[in-house]
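From first to last, the protein sequence lines stand for chains A and B. Heads up: take any position in the first sequence, counting from 1, add 957, and you land on our numbering. Heads up: take any position in the second sequence, counting from 1, add 613, and you land on our numbering. Report on one structure; see the data block that follows.
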Amino acid sequence: MTLATTESAAGRDVRPAKAEPVLRVDDLVVTYYTDLGRARALDNVSFTLAAGQKMGMVGESGSGKSTLALAMMRMIKPPGRIEGGHVWVGGTDLQSLNDEGMRKARLSKIAYIPQGAMNSLNPVMRIGAQMVDAIKSHVRGESRSSIEDRCAHALRSVDLDPSVARMYPHELSGGMKQRVCIAIGILLRPEVIIADEPTSALDVVTQRQVMETIDKVQDDIGAAVILIGHDMGLMAQTMDQVAVMYAGRLVEVATVRDMFTDPKHPYSQALISSLPTLDNRGEFKGIPGLAPSLLRLPSGCAFHPRCPFASERSRTEKPKVHTLPGGRLVACHLYEGEAVTNG
Amino acid sequence: MNFKLIAKRLSFLVLVIWAASTIVFFIPRLSPRNAIRERFAELARSGGFSPGDLEKIIANMNQQFGLDKPLLEQYWSYLGNIVRMDFGYSLNRYPSTVTDIIAQALPWTFFLLLVTTILSFIIGNLLGAVSAWPKAPRWLRSIATPFVLLTGVPPVIMGVLLLFFIGFRLKLLPLGGAYSIGTVPNWSWEFALDLLKHQMLPALALILGSVGGWVLSMRGMGVTIQGEDYVNFAEHKGLTGGRIFRDYYLRNTLLPQVTGLALALGTVVTSAIIVEGIFGLPGLGTVLQNAIKSNDFPTIYGIVLFITIAIAVLMAVLEFIYPLLDPRVRNNQ
Chain A
958 MTLATTESAA GRDVRPAKAE PVLRVDDLVV TYYTDLGRAR ALDNVSFTLA
1008 AGQKMGMVGE SGSGKSTLAL AMMRMIKPPG RIEGGHVWVG GTDLQSLNDE
1058 GMRKARLSKI AYIPQGAMNS LNPVMRIGAQ MVDAIKSHVR GESRSSIEDR
1108 CAHALRSVDL DPSVARMYPH ELSGGMKQRV CIAIGILLRP EVIIADEPTS
1158 ALDVVTQRQV METIDKVQDD IGAAVILIGH DMGLMAQTMD QVAVMYAGRL
1208 VEVATVRDMF TDPKHPYSQA LISSLPTLDN RGEFKGIPGL APSLLRLPSG
1258 CAFHPRCPFA SERSRTEKPK VHTLPGGRLV ACHLYEGEAV TNG
Chain B
614 MNFKLIAKRL SFLVLVIWAA STIVFFIPRL SPRNAIRERF AELARSGGFS
664 PGDLEKIIAN MNQQFGLDKP LLEQYWSYLG NIVRMDFGYS LNRYPSTVTD
714 IIAQALPWTF FLLLVTTILS FIIGNLLGAV SAWPKAPRWL RSIATPFVLL
764 TGVPPVIMGV LLLFFIGFRL KLLPLGGAYS IGTVPNWSWE FALDLLKHQM
814 LPALALILGS VGGWVLSMRG MGVTIQGEDY VNFAEHKGLT GGRIFRDYYL
864 RNTLLPQVTG LALALGTVVT SAIIVEGIFG LPGLGTVLQN AIKSNDFPTI
914 YGIVLFITIA IAVLMAVLEF IYPLLDPRVR NNQ
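In structure tokens form, the structure reads like this:
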């Protein structure tokens, strides 16, 4: 149902040329300087997202999903460093802001929803206080009652009773805590919301409720949403687009339908074919080999040691991100001929 | 917080005090020394009465103090006295009562300990919190280090060093005593200043020795808390650094430190006894030291029990305060 309604819209908006995107990430590079050497956690990641669009970000652990989220929030801590690139949110380049400007941009322009089921709320403060301080840090001179209205509205929009504001985190269930985190994320109606594995510590029923909540609040405020996670099924049900990351690179971005019916990148293909379907019951295909260490990336395309289509060129030359007809992005030499433009 | 809990806590308090008083009762009695004999033997040596009279006087005094009765009987009457908070007469400073002696000495010790404990708790925890906070300026983070080094210096040495350099060499502060010799205690600013000057070095000795401990435990706690998800999320929420430090970081790091404060109260008293001795302050520590030297057990009982009760009560108070600081404890109780 989601697929049918969004397919055409999504296909159009992926292309950067049309409809001004609310989020544009350009050549974002993040490096961690560890004792063992330099680890490039994000390698020239670029993509765009239009208002009201939902993009799922998948990839193995250590592929750079969370680093991407932190880099967009400019929250990379030493020994990590953002070494290049831009993050444009509604015409503002976050990288060009000073620290105070970035502080104000967080939550009001770009919000981050953590995996909040366990520990993302301060155990010694009431929920309400943790919402009020977020508002007060961004909006000056708002009256007490107006702030309280705002909190109550946010709680109601995630299907929580406003009386939750008087409770402490330990009095809530995991799903309720996750909703509180979402409510905090939408307090200032940001243009972009990044949700970092918001459902991974929850049972499947609560997962679904939380995803529906995200869906609903996104409709309310029309924000672009990036959802980071491992669960392909969840992505297929709720997202418009899926982006696949591998070893710090964005290897493919496509609409959900394209990704699941016709994945282009060999890694995406392997990923999709590893999913259980109704036909291959009981038999799961894995991807041979292991994800490479970021400290010792293979030359050329980082996926070539595990890739069934690897050529001599894959071993030596890093593939460019090609834009294919329909606006999907894929970083693989195989599709050079089909590319509309070379990105 | 309910009635049952308070009752439980209070009965535990009584149990602690009973256990402490029993131990305190028997330990001085293990010594073969007799304070009365020692005192009157000294008087006899300086002349006055014959050795024959001495034995009679001692026997008389022993009877007066009830020391001729069996030990267990003495123990029961001792417990009765404790309930009435009446520790009888000092053997050494007869006819002063132990209660009088405590009342005289207490203010010196109380204010010294109160001020130094609170100051070193505040200073140590702030320095420790700041030293683990990555956004604090480098100079502020390194201030804590010398205090950590000073923790290794025992209060005796610290007191003597301070006396020697600040009191003796630099002559900045008086060498000892509670106030200048020749002044009469009165309610004037002049006297208050004199008092303050005399308290500076002992207080400094106590604070310098204990700040480092708070710094260390606070820094360890701080490193843990700043890695917590809620501190991270606070930054994602775009809160100002000051607010994150105060409401998200400091509030949570302080929780175990309050427990630490309750535990530290016990050791605070011991170091105060030593420091009072060095600086010649007429506080409980000095009185206790003298009482132990002369095996003046009524005074020992009085002071040790007083300190025990004070600490036990303070710990109970801290335990009642804790749920106010940590809402998670409220429901579990």
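We put the beta carbon where it would ideally sit given N, CA and C, even for glycine.
Three-state secondary structure assigned by DSSP to residue i
| i | result |
| --- | --- |
| Ala1320 of chain A | The question about residue 1320 of chain A has no answer here: the residues shown for chain A are numbered 958 through 1300. |
| Thr963 of chain A | For Thr963 of chain A, the predicted model reports a pLDDT of 39, less than 50, meaning its position is unreliable and no value from the coordinates is stated. |
| Gly1284 of chain A | coil |
| Ala998 of chain A | strand |
| Gln812 of chain B | helix |
| Tyr1069 of chain A | strand |
| Glu1105 of chain A | helix |
| Tyr707 of chain B | coil |
| Tyr702 of chain B | strand |
| Leu1006 of chain A | strand |
| Leu985 of chain A | strand |
| Ala1200 of chain A | strand |
| Tyr1292 of chain A | helix |
| Asp842 of chain B | helix |
| Tyr792 of chain B | coil |
| Leu980 of chain A | strand |
| Thr853 of chain B | coil |
| Asp1056 of chain A | helix |
| Thr1234 of chain A | coil |
| Asp1219 of chain A | coil |
| Tyr861 of chain B | helix |
| Asp1050 of chain A | strand |
6 Å CB neighbourhood of residue i in its chain, flanking five on each side removed
| i | result |
| --- | --- |
| Trp749 of chain B | A small fix is needed here, since residue 749 of chain B is Ala in this sequence, not Trp. Counting only Cβ-Cβ distances below 6 Å, and skipping sequence neighbours, we find Val743. |
| Gly1042 of chain A | Asp983, Asp984, Leu985, Val986 |
| Leu1112 of chain A | Pro1119, Val1121, Ala1140 |
| Ala904 of chain B | Thr912, Ile913 |
| Asp1188 of chain A | none |
| Ile1084 of chain A | Val1121, Ala1122, Met1124, Val1137 |
| Tyr1224 of chain A | Tyr1203, Val1208, Phe1260 |
| Gln1226 of chain A | Pro1220 |
| Val1089 of chain A | Ile1104 |
| Phe910 of chain B | Pro641 |
Span of the alpha helix (DSSP H), counted from its first residue to its last, around residue i
| i | result |
| --- | --- |
| Phe933 of chain B | 910-938 |
| Met1189 of chain A | 1189-1195 |
| Ile630 of chain B | 616-642 |
| Val773 of chain B | 768-775 |
| Arg1272 of chain A | 1269-1273 |
| Gln902 of chain B | 897-906 |
| Ile735 of chain B | 711-744 |
| Met1029 of chain A | 1022-1029 |
| Arg1206 of chain A | Segment 1206-1212 is the beta strand (DSSP E) holding Arg1206 of chain A; no alpha helix (DSSP H) there. |
| Gln1087 of chain A | 1084-1093 |
| Ala885 of chain B | 864-892 |
| Gln1226 of chain A | 1223-1230 |
| Tyr691 of chain B | 684-696 |
| Ala757 of chain B | 757-763 |
| Ile649 of chain B | 648-658 |
Start-to-end residues for the beta strand (DSSP E) that takes in residue i
| i | result |
| --- | --- |
| Gly1013 of chain A | 1011-1015 |
| Trp1045 of chain A | 1037-1046 |
Contacts around residue i, its chain only, beta-carbon distance under 7 Å, and the 5 residues preceding and following it disregarded
| i | result |
| --- | --- |
| Ser907 of chain B | Ala648, Glu651, Asn705 |
| Glu964 of chain A | The predicted model places Glu964 of chain A with a pLDDT of 39, which falls under 50 and marks its position as unreliable, so this point remains unresolved. |
| Glu1154 of chain A | Gln1072, Ile1185, Gly1186 |
| Asp681 of chain B | Asn675 |
| Gly1016 of chain A | Lys1022, Val1201, Met1202, Tyr1203 |
| Ala672 of chain B | none |
| Ala847 of chain B | Ile857, Tyr861 |
Neighbourhood of residue i by C-beta, 8 Å cutoff - its chain only, sequence neighbours within 5 removed
| i | result |
| --- | --- |
| Leu878 of chain B | Thr730, Ile924, Leu927, Met928 |
| Ala1062 of chain A | Val1046, Thr1049, Leu1051, Leu1054 |
Residue i: CB within 7 Å of a non-hydrogen atom of the ligand SAM
| i | result |
| --- | --- |
| Glu668 of chain B | Only the bare structure without any ligand can be found here, which leaves the ligand SAM out of the picture. |
Return the residues of the segment 926-944 of chain B that lie within a Cβ-Cβ distance of less than 9 Å from chain A, sorted by chain order.
Result list: Leu938, Asp939, Pro940, Arg941, Arg943, Asn944.
Quick check on the DSSP output: what are the complete alpha helix (DSSP H) runs of length 4 or more inside the segment 1128-1191 of chain A, in order along the chain?
1131-1142, 1161-1178
Between the segment 1079-1091 of chain A and chain B, which residues of the former have CB atoms less than 7 Å from a CB of the latter, in chain order?
Asn1079, Pro1080, Val1081, Met1082, Asp1090, Ala1091
Closer than 8 Å, Cβ to Cβ, to anything on chain A: give me those residues from the segment 852-883 of chain B, in chain order.
Leu852, Thr853, Arg856, Asp860, Tyr861, Arg864, Asn865, Leu868
Determine which residues of the segment 992-1004 of chain A have a Cβ less than 7 Å from any Cβ of chain B, and write them out in chain order.
none
May I ask you to list, following chain order, the residues of the segment 1056-1069 of chain A that have a beta carbon less than 8 Å from some beta carbon of chain B?
Those would be Arg1060, Lys1061, Ala1062, Arg1063, Leu1064, Ser1065, Ala1068, Tyr1069, in chain order.
Please identify, using Cβ separations under 8 Å, the residues of the segment 1088-1121 of chain A that lie next to chain B, in order along the chain.
Asp1090, Ala1091, Ser1094, His1095
Using Cβ-Cβ distances below 9 Å, what residues of the segment 815-846 of chain B are close to chain A?
Glu841, Asp842, Tyr843, Val844, Asn845, Phe846
Members of the segment 1124-1142 of chain A that neighbour chain B once the beta carbon cut-off is set at 7 Å:
Tyr1125, His1127, Ile1141
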